Amino acid sequence: MNMFGALMMTVTMTMTAVMLPRIYMSWIVAERYFLEGEIEQLMQLLIEQNNWVWRQFGCGAVAVAMIWMVRNSQHDLSIPASMEATLAVYATISLVFAILESLVAQRVSGFLALVPAPVKIADED
């Protein structure tokens, strides 16, 4: 493995080590907000989760585009096979994180649908 492959693998593993606990924390926070009936916080969490879905999907798509560009370029852009494999691993992990973030966002959306809305009762005078 060359230096760039090792660097990209380090970035991939660091991203994994940071994102897995963050996704789990979002799941726990969503349940807590639901139990407390915090509609505004749930809406903010849903917006945040949707942004993370787009970020993760964008990073995965860029990595796939880089691999495609290197393979199909008219110019000689050949990179070592280890670097290509590392980019593929990064793209896969990033797209899996996009799916996990999407699942959390769906869960938050479900919680929003289940939170009872406050209702004012008119006085019967």
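Everything in the sequence shown is counted per my numbering, starting at -12 for the first residue and increasing by one. Quick reminder that beta carbons are idealized off the backbone N, C-alpha and C, glycines included. A quick note: this is a predicted structure, and the numbers were derived from the prediction, not measured.
- If you draw a straight line from the Cα of V83 to the Cα of W39, it comes to about 12 Å.
- When DSSP states are grouped into helix, strand and coil, E18 belongs to the helix group.
- Per DSSP, the unbroken alpha helix (DSSP H) holding E71 starts and ends at 68 to 101.
- Closest by C-alpha distance to V5, out of L90, V102, F98, S81, is S81.
- Proximity to C46 across L(-6), T(-3), A75, K107 peaks at A75, based on C-alpha coordinates.
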